[in-house]
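Enquirer:
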Amino acid sequence: MTAANPADSNAVAELGLEGGAAPGRGAGGPSAKRVYVGYGFWIFILSDMVLFSAFFAAYAVLAEATAGGPAGRQLFDLTSVAWETACLLLSSFACGLASLAAASRSALWFHVAMAVAFVLGAAFLGLELKEFAGLASAGDGPQRSAFLSAFFTLVGCHGLHIAAGLLWLLTMMAQVMAKGFRADIQRRILCFTLFWHALDIVWVAIFTVVYLLGKAP
Amino acid sequence: MSETREAATGHDGDLAPGEERLDGSGVAQGVRGYLIGLLLAAGLTAASFYLCFSGLIYGPAIPAALIALAVAQMGVHLVFFLHLTTGPDNTNNALALAFGVLIVTLLIGGSLWIMANLNHNMLPMQRIMDMQR
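Line by line, the protein sequences give chains D and G.
Number 235 marks the last residue of the first sequence (our numbering); no jumps.
Number 136 marks the last residue of the second sequence (our numbering); no jumps.
Next comes the structure, spelled out in structure tokens:
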């Protein structure tokens with residue numbers, strides 16, 4: 019495909035994309051599209067972290083405000099949290115392997131790794147929903163106390179991100195199946211892996227601050 | 004359409020966030036990086052869960068230890084999964100992250116500080132209720 023069409027290669031040369039020589043430190047032309055698309059998504063992820071940090075701040079402030087109801091010590095089941103943690107970490111790992119498969123354009127390994135990442139992510143979501151349903155049916159739903167409102171907002175927001183990520187994961191598998199490893203699909207895969215790894219980082223903060231610190235003697 | 008991809012994987016210019024510069028045996032090297040990250044992250048997670056209940060460390064120091072382990076694990080994820088480096092091809096990504104960390108620190112630290120102060124200066128709830136009688 020390179021230089022098959024002289025008009026194309028001219029456009030590429032004008033944009034300074036041919037060597038990708040844009041160190042981002044005041045020299046060279048615009049960066050390659052993959053670099054600035056990824057960078058834009060990186061900025062989105064960081065702003066998402068700011069959103070989560072506001073929920074973390076609210077949770078930390080309200081963790082003692084149980085309104086006479088149960089505290090985290092009575093409610094949390096760390097065995098289930100440990101399984102959730104394992105699922106999400108392995109899902110993140112599988113997603114990393116999928117990005118390697120995409121880089122080497124191996125459709126089979128890409129689909130296998132993404133399917134593993136999906137199953138583990140769905141298992142995480144199932145465990146979390148089971149925990150939420152158990153709490154709500156025992157009357158400890160978000161309306162019980164400020165502590166439980168903050169808990170459901172923070173952990174539920176992460177769960178919603180995971181649910182959206184699972185839909186995105188299936189979309190990426192379908193797009194690779196239908197369109198192959200085109201440059202635009204590769205950029206979307208890059209953004210998806212950023213998203214999925216970032217959600218695992220948020221979960222590290224959640225299991226430490228919410229569950230372990232809530233349960234710690 | 005493949006030009007941009009080749010440009011991005013060439014050896015000049017910036018790297019996209021999450022992108023790794025693999026030399027030589029690309030895939031094997033990449034898998035090795037993810038495996039190291041997985042082992043370190045699993046080890047740090049196991050250490051957090053274990054420390055919480057083992058009684059291995061002094062009780063009041065447990066929160067500090069747990070937070071230190073969590074920060075370490077986030078670092079492992081950033082380096083081995085998101086491939087963030089301090090190299091010149093990652094300057095923009097690292098600076099954006101540094102700014103994000105600054106905002107997150109201000110938001111969480113500031114909220115806790117202000118609310119602890121307010122709590123400290125507020126009358127106990129029982130006395131407020133007594134006064135309203």
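Ideal Cβ positions, reconstructed from N, Cα and C, are used throughout, including at glycine.
All values derive from a computational prediction rather than experimental measurement.
(1) Leaving out five residues before and five after Ala119/D in sequence, what residues of the same chain have Cβ atoms less than 7 Å from its Cβ?
(2) Leu145/D touches chain G at which residues, Cβ-Cβ below 9 Å?
(3) Out of curiosity, what's the CA-to-CA distance linking Gly90/G and Pro160/D?
(4) When you compare the CB positions of Leu138/D and Ser98/D, do they come within less than 8 Å of one another, or not?
(5) If you pair each beta-carbon of the stretch 25-42 of chain G with each one of the stretch 81-89 of chain G, do three or more pairs fall below 8 Å?
(6) Once the 5 residues before and after Met128/G are set aside, which same chain residues still bring their CB inside 7 Å of it?
(7) Give me the chain D residues within the contact set of Asp133/G, using Cβ-Cβ distance strictly less than 8 Å, ordered along the chain.
(8) For Ser49/D, go through chain G and note every residue whose CB falls closer than 8 Å to its CB, in chain order.
(9) Following the continuous alpha helix (DSSP H) through Ala205/D, name the residue where it begins and the one where it ends.
(10) If contact means a Cβ-Cβ distance below 7 Å, which residues of the stretch 44-72 of chain G contact chain D?
(11) Counting contacts by CB-CB distance shorter than 8 Å, is Ala223/D in contact with chain G?
(12) Rounded to the nearest angstrom, how far is the Cβ of Leu1/D from that of Ala164/D, given a contact under 8 Å?
(13) What would DSSP say about Ser71/D, mapped onto helix, strand or coil?
(14) Are any of the Cβ atoms in chain D nearer than 8 Å to that of Met128/G?
(15) Relative to the C-alpha of Tyr229/D, which candidate in Gly56/D, Ser65/D, Glu146/D, Leu69/D has its C-alpha closest?
(16) Would you tell me roughly how many angstroms separate the C-alpha atoms of Asn124/G and Gly90/D, rounded to the nearest one?
(17) Check whether the Cβ atoms of Leu212/D and Gly21/G sit closer than 8 Å, and answer yes or no.
(18) Between Met134/G and Ser167/D, what straight-line distance do the alpha-carbon atoms span, to the nearest angstrom?
(19) Can you tell me the Cβ-Cβ gap for Phe225/D and Thr103/D, rounded? I've got them flagged as a contact below 8 Å.
(20) So Thr89/G is in the alpha helix (DSSP H); what residue range does that whole segment cover?
Expert: Taking the structure as given:
(1) Here residue 119/D corresponds to residue number 101 of the first sequence, with the count starting at 1. Closer than 7 Å at the Cβ level, and outside the excluded window around Ala119/D, lie Trp127, Phe128, Ala131.
(2) Walking along the first sequence from the start, residue 145/D turns up at place 127. In chain order: nothing, as chain G lies at least about 16 Å away.
(3) Counting from 1 along the second sequence, the entry for residue 90/G is found at position 87. Counting from 1 along the first sequence, the entry for residue 160/D is found at position 142. In a straight line, the C-alpha of Gly90/G is about 45 Å away from that of Pro160/D.
(4) Reading the first sequence from its first residue, position 120 is the one you call residue 138/D. Reading the first sequence from its first residue, position 80 is the one you call residue 98/D. Contact flag unset, no.
(5) yes
(6) The residue you call residue 128/G lines up with position 125 of the second sequence. Cβ within range, chain order: n/a, list empty.
(7) If you number the second sequence from 1, residue 133/G lands on position 130. Neighbours of Asp133/G on chain D: none; closest Cβ ~18 Å, over 8 Å.
(8) Residue 49/D sits at position 31 when you count from the first residue of the first sequence. The contacting residues are Gly16, Asp17.
(9) As a first step, residue 205/D must be located in the first sequence, where it is residue number 187. The sequence given here has Arg at residue 205/D, not Ala. From DSSP, the alpha helix (DSSP H) with Arg205/D extends over 201-224.
(10) Ala44, Ala45, Thr48, Ser51, Phe52, Cys55, Gly62, Ile65, Pro66, Leu69, Ile70
(11) Residue 223/D sits at position 205 when you count from the first residue of the first sequence. So, interface residue.
(12) Because chain D is modelled from 19 through 235, residue 1/D falls outside the range shown and cannot be assessed.
(13) As a first step, residue 71/D must be located in the first sequence, where it is residue number 53. Here Ser71/D sits in helix by DSSP.
(14) Residue mapping note: residue 128/G aligns to position 125 of the second sequence, counting from 1. So, not an interface residue.
(15) Here residue 229/D refers to the residue found at position 211 of the first sequence. Here the closest residue by C-alpha is Glu146/D.
(16) As a first step, residue 124/G is located in the second sequence; it is residue number 121 there, counting from the start. As a first step, residue 90/D is located in the first sequence; it is residue number 72 there, counting from the start. Each residue's Cα considered, the two are about 26 Å apart.
(17) Against the first sequence, residue 212/D aligns to sequence position 194. Against the second sequence, residue 21/G aligns to sequence position 18. Yes. Within cutoff.
(18) The sequence position of residue 134/G within the second sequence is 131, counting from 1. The sequence position of residue 167/D within the first sequence is 149, counting from 1. So the alpha carbons of these two residues sit roughly 29 Å apart.
(19) The residue given as residue 225/D occupies position 207 in the first sequence. The residue given as residue 103/D occupies position 85 in the first sequence. Confirmed, Cβ separation roughly 5 Å.
(20) Counted from its first residue, the second sequence places residue 89/G at position 86. Note, Thr89/G: premise wrong, no alpha helix (DSSP H); not H, not E.
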